[in-house]
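Peer 1: Take -6 as the starting number for the sequence shown in the numbering used here and just add one per residue.
Ideal placement from N, C-alpha and C gives every residue a C-beta, glycine not left out.
This one's a predicted model, so the numbers in the text were calculated from it and none came from an experiment.
Submitted below is the structure of interest, expressed as structure tokens.
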Amino acid sequence: MGLLGKLLKKKHPADADFEYNGTRITLDMSSAGVRLNGKILDLPTQISELVGIIGRTKRIKSKTGIDYLWDELGIFCRTTDGETVKTFGVYIRDGEKMPPNIPLTPYDGEFTVNGNNWLSELDKGVKSNKGTLLSLEGYSIRGLYAYYDDSSLYSLVEISAV
């Protein structure tokens, strides 16, 4: 691509110049929606809205669309069209080897469900051999068990609109 092409090329929202300032992330999930650093996100939402709150991200093609990762924050989201975020999640703990669509470092921010500890709230959900599903009005929270070792520990928590 020539210089003029580079100058005229539309920037993707994920490539924004904004970089997160390192303040600890706060995440609360309730039937009102996802509250990220005090701002309500109604899923589905646009990737540009997330980038506006937590900064630049990287894109990874997946089997179902495009995933976005904030490696240093332990946050990810999933899209089918590359723009509309339908699933938002956090990587909870290190595994031996994780798939490439998982952030490089675990989430270490505050995470609550209905203002309470996320783990105690998620344990009220329906358990299966893959994890636990907790339904809230209009949303679901899914805790997925560890990939490689103790299957009673969560690796990921995903939040989706239903």
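For N110, write down the residues that DSSP places opposite it in a beta bridge.
Peer 2: Note: N110 sits in a beta bridge opposite T105.
Peer 1: Beta-carbon within less than 8 angstroms of Q39's beta-carbon, same chain only, minus the 5 sequence neighbours each way: which residues are those?
Peer 2: Only P6, E76, T77, V78 meet the Cβ criterion.
Peer 1: If we ignore side chains and look at the alpha-carbon of each, how far apart do T80 and V150 end up?
Peer 2: For T80 and V150, the distance between alpha carbons rounds to 10 angstroms.
Peer 1: Could you tell me whether the Cβ atoms of D60 and R71 are closer together than 7 angstroms?
Peer 2: In this structure, R71 lies closer than 7 angstroms to D60 by Cβ.
Peer 1: Inspect the beta-carbon positions of P93 and G67 and report whether they are closer than 7 angstroms.
Peer 2: No; because the gap between Cβ atoms is not below 7 angstroms, this pair is not in contact.
Peer 1: Quick one: what's got a C-beta closer than 7 angstroms to D35's C-beta in the same chain, skipping five residues either side?
Peer 2: Around D35: G26.
Peer 1: Along the alpha helix (DSSP H) that carries L43, what are the first and last residues, could you check?
Peer 2: L43 -> alpha helix (DSSP H) spans 40 to 47.
Peer 1: Taking the straight line between their C-alpha atoms, what separation do you get for S121 and G131?
Peer 2: Distance between the alpha carbons of S121 and G131: 21 angstroms.
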